[in-house]
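The next block holds one structure in the form of structure tokens; read it before the comments.
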Amino acid sequence: MIYIVDIDHTICHTPEIDGKQRYDLSTPYPERIEKINKLYDEGHTIIYWTARGSGSGINQFKITHGSLLAWGAK
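Numbering-wise (this note's numbering), the sequence shown opens with residue 400 and increments by one.
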């Protein structure tokens, strides 16, 4: 099965400061990441989906990829 998982407010908390999402301050929800990792380990496909940068036009790939790696997301 394929699971598509949103990132912000699904597997992490991302604060908004002065009207801007602060992706650099996002903190993971470890228990949710563990559940998704279990699905991956069972052979399912996990696709992480995000709208990061869609409003600002700023490419957020590096910070997003770095966060997923640091949080142990599979």
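For each residue, glycine too, the CB sits at the ideal point set by N, CA and C.
In this text, all values refer to a predicted model and were calculated from it rather than measured experimentally.
Short of 6 Å in beta carbon distance, which residues of its chain neighbour residue i, apart from the five on each side in sequence? Order them along the chain.
i: H412; result: T426
Report buried or exposed for residue i, applying the criterion of at least 16 other Cβ atoms within 10 angstroms of its Cβ.
i: S466; result: buried
i: I457; result: exposed
i: R451; result: buried
Using only alpha-carbon positions, find the residue among the options that is nearest to residue i.
i: D407; options: Y447, H443 and N436; result: Y447
i: Q459; options: E415, G418 and D423; result: D423
i: E433; options: I410, K461, M400 and R451; result: I410
i: Q420; options: H443, R431, T449 and P429; result: T449
i: A469; options: M400, P429 and D417; result: P429
Helix, strand or coil, according to DSSP, for residue i in the structure here?
i: K473; result: coil
i: D423; result: helix
For residue i, collect the residues of the same chain with a Cβ closer than 7 Å to its Cβ; drop the 5 residues on either side in sequence, then sort them by chain order.
i: I445; result: Y402, V404, I435, L438, Y439 and K473
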